[in-house]
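Residue numbering for the sequence shown follows my numbering, beginning at 41 and increasing consecutively.
Cβ coordinates follow ideal geometry from the N, Cα and C atoms, glycine included.
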Amino acid sequence: MKYEESNKVELKREMIKDLDKEIIAFWNAHGGTIYIGVEDDGNVVGVPQELKDEYDQKISSIVTEGIKPSAKQLVSFGYDKDNVLVIHVNEGSKKPYYVASTGPKPSGTYIRVGRSKQQLTDEEILFMLMDSMNISFEKEIAENQNLHFSYIIELAKAKKIEFSERELLSLGLKNKEGKFTNLGLLISDENPIEIKFALYDKDLNFKTKKIFTGSILKIADQALEYANLLNTTSAVIVPYQAQRIETKSYPGVSLREAILNAICHANYLKPSNIKIEFYDDRGEITSPGGILDGTLEQILRGYQTFRNPGLVRVLDKFNYIENFGKGMKRIQEAYENSDLKPSFDVNNTYFRIILPDLNFHHNSTSNSTIYSTNDSTNRLSDTQVAILSLIKEKNDITIAELANKLNKEISTIKKSIKNLKDAGVLIRVGTNRLGHWELVDK
41 MKYEESNKVE LKREMIKDLD KEIIAFWNAH GGTIYIGVED DGNVVGVPQE
91 LKDEYDQKIS SIVTEGIKPS AKQLVSFGYD KDNVLVIHVN EGSKKPYYVA
141 STGPKPSGTY IRVGRSKQQL TDEEILFMLM DSMNISFEKE IAENQNLHFS
191 YIIELAKAKK IEFSERELLS LGLKNKEGKF TNLGLLISDE NPIEIKFALY
241 DKDLNFKTKK IFTGSILKIA DQALEYANLL NTTSAVIVPY QAQRIETKSY
291 PGVSLREAIL NAICHANYLK PSNIKIEFYD DRGEITSPGG ILDGTLEQIL
341 RGYQTFRNPG LVRVLDKFNY IENFGKGMKR IQEAYENSDL KPSFDVNNTY
391 FRIILPDLNF HHNSTSNSTI YSTNDSTNRL SDTQVAILSL IKEKNDITIA
441 ELANKLNKEI STIKKSIKNL KDAGVLIRVG TNRLGHWELV DK
């Protein structure tokens, strides 16, 4: 037999002092097998005959007395033909399991991650306990019962989606006793969760810093809208060709899917917030809470795991997402025509998606003529950035239309446009009535 370590296999040359922690880690994960008498490289040394009784007694003592809650029926052990002690550990159903002498604390509670065990945090222990007891964060009664739903009501009207008192119950915003749930709190105008948004310069100083608050749906709209303003388009004129190639900094649906993924799967039990951060060369979207179930590889292949199934259902109903587990795949597909690829930084406490800015990298290597608003946004106001974004979408947009869309006075729009012209970022081609706007690389 070939022995090789994996996420479900642990190799030990001899009996170890913290065998209880290895067993706990497998119980709290998806089970596994521990081989004692095998070196890390798979070389078999076996277990000396004179130590077998001692090893057997130690394992029996660990599973009957050393670990809580009791789950001795989940462990079986014996010796194979190579004289290797084989300990089969099945996944537990009463998680979290922990060292009896410490109690359910990080110092005694472990989980198998990859090829090693890791301590769980206090929050992860609590979440695992709630999950084991079939207690849902979303279904728990909200501490604040004075909730209002003006944003989702207006959104439902705009999208022509039915939303009434009955939907509060059917969607899980209220329980059968008429109490608002934590899911209701997230959807309400009083939602305490924030999304922090930041744009940095090359020296990591803040260029823009915002905090989005309100209903989680309002937060989603604000975050998506503002992120879209920063998703600039470069137009490349290829030498000797009558061809203009446009490139988004963050192609396709990658930015939208990354933000919505963070909102859907954040661990709202954690005292932390979702962060959306833009650097010169990349965007990073970080949400509190690692992968609830499965591995990163499984998630990237489309395996669905729901930390907040009720929130996912609401976002699906209001057409923010399609509930098919395709978000990660779409992010990867958006970059399939680029040498640059998104990356994922995941541990027990957070999930981070890192999206390369294609325009930054292209501008660094291309000798073509590039027209872009990337560099100019270093010194533009929020209103000016918004104006440029709207002009990119409709280059014959009028000043009155800009004022209406941005909810600004016409005088404010005129002043901003004058500043954009003075900065050499924007020009007007043709007459005021029949002309159009053009963005200029500075």
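{"Query": "Do the CB positions of Asn157 and Ile151 come within less than 8 Å of each other?", "Result": "Residue identity check: residue 157 is Lys in the sequence provided, not Asn. Going by C-beta atoms, Lys157 is nearer than 8 Å to Ile151."}
{"Query": "Would you decide whether Ile192 is buried or exposed? Buried here means 16 or more other CB atoms lie within 10 Å of its CB.", "Result": "buried"}
{"Query": "With a threshold of 8 Å, are at least 3 pairs of Cβ atoms found where one atom belongs to the region 139-146 and the other to the region 79-95?", "Result": "no"}
{"Query": "Is the separation between the beta-carbon of Gly323 and that of Leu380 shorter than 8 Å?", "Result": "no"}
{"Query": "Which partner residues does Ala238 have in the DSSP bridge list?", "Result": "Lys249 and Glu317"}
{"Query": "Pull up the CB-CB distance for His188 and Ser228, whole angstroms please, since I reckon it's below 8 Å.", "Result": "6 Å"}
{"Query": "Would Phe346 and Val354 qualify as a contact pair, given that the criterion is a beta-carbon distance under 8 Å?", "Result": "no"}
{"Query": "To the nearest angstrom, how far is the alpha carbon of Ile439 from that of Leu270?", "Result": "21 Å"}
{"Query": "Between which two residues does the beta strand (DSSP E) containing Thr326 stretch?", "Result": "Arg322 to Pro328"}
{"Query": "Determine the contact status of Asn348 and Cys304, defining contact as a CB-CB distance below 8 Å.", "Result": "yes"}
{"Query": "Which residue from Asp422, Leu169 and Ile107 puts its Cα closest to that of Ala238?", "Result": "Asp422"}
{"Query": "At what residues does the beta strand (DSSP E) containing Pro396 begin and finish?", "Result": "Tyr390 to Pro396"}
{"Query": "Buried or exposed, going by whether 16 or more other CB atoms sit within 10 Å of the CB of Thr149?", "Result": "buried"}
{"Query": "Considering only residues of the same chain and omitting the five flanking positions on each side of Ala263, which have a CB-CB separation below 7 Å?", "Result": "Ile235, Phe237, Phe252, Ile299 and Ile316"}
{"Query": "Taking just the CA atoms, how far does Arg370 sit from Thr471?", "Result": "43 Å"}
{"Query": "Run through DSSP, which three-state label would Ile107 get?", "Result": "strand"}
{"Query": "Just the C-alpha distance for Glu45 and Thr287, rounded to the nearest angstrom, thanks.", "Result": "44 Å"}
{"Query": "On a CA-only basis, which of Asn307, Thr335 and Tyr375 is nearest Gly292? Give me that one, please.", "Result": "Tyr375"}
{"Query": "Indicate the three-state DSSP secondary structure (helix, strand or coil) for Val354 in the structure shown.", "Result": "helix"}
{"Query": "Between Thr452, Leu474 and Asn399, which lies nearest to Asp436 when the distance is taken from Cα to Cα?", "Result": "Leu474"}
{"Query": "Among Lys199, Glu297, Leu226 and Ala198, which has the Cα closest to the Cα of Leu211?", "Result": "Leu226"}
{"Query": "Taking 7 Å as the limit between beta carbons, can you name the residues of its chain near Asp385, skipping five residues before and five after?", "Result": "Arg392 and Ile394"}
{"Query": "Can you give me the Cβ contacts of Gly367 inside the same chain, cut-off strictly under 6 Å, excluding the 5 residues immediately before and after it?", "Result": "Glu297 and Asn301"}
{"Query": "Nearest-angstrom Cα distance between Ile331 and Tyr308?", "Result": "13 Å"}
{"Query": "Is DSSP giving Val278 helix, strand or coil here?", "Result": "Its pLDDT being 47, under 50, Val278 is placed unreliably by the model, and the measurement read from it follows with that caveat. The answer is coil: DSSP assigns Val278 none of H, G, I, E or B."}
{"Query": "Between Ala69 and Ser312, what straight-line distance do the alpha-carbon atoms span, to the nearest angstrom?", "Result": "24 Å"}
{"Query": "How would you call Val124, buried or exposed, if buried means at least 16 neighbouring beta carbons within 10 angstroms?", "Result": "buried"}
{"Query": "How big is the Cα-Cα spacing for Lys179 and Met170?", "Result": "11 Å"}
{"Query": "Sort Glu131, Asp397, Met168 and Asp80 by Cα distance to Lys489 and report the nearest one.", "Result": "One cannot answer for residue 489 here, as it falls past the ends of the chain, which runs 41 to 482."}
{"Query": "Suppose you measure from the CA of Ser429 to the CA of Ile181; what does that come to, to the nearest Å?", "Result": "42 Å"}
{"Query": "Would you mind reading off the limits of the beta strand (DSSP E) that contains Gln185?", "Result": "Segment: none, Gln185 is in no beta strand (DSSP E) and carries neither H nor E."}
{"Query": "Using a threshold of 7 Å, is the CB atom of Ile235 nearer than that to any non-hydrogen atom of the ligand SAM?", "Result": "Although the ligand SAM was asked about, the structure shown includes no ligands whatsoever."}
{"Query": "With DSSP collapsed to three states, give me the class of Phe220.", "Result": "strand"}
{"Query": "Give the secondary structure of Arg206 by DSSP, where H, G and I count as helix, E and B as strand, and everything else as coil.", "Result": "helix"}
{"Query": "In the structure shown, what three-state DSSP assignment does Val425 receive?", "Result": "helix"}
{"Query": "Tell me the residue span of the beta strand (DSSP E) that contains Gln158.", "Result": "Ser156 to Gln159"}
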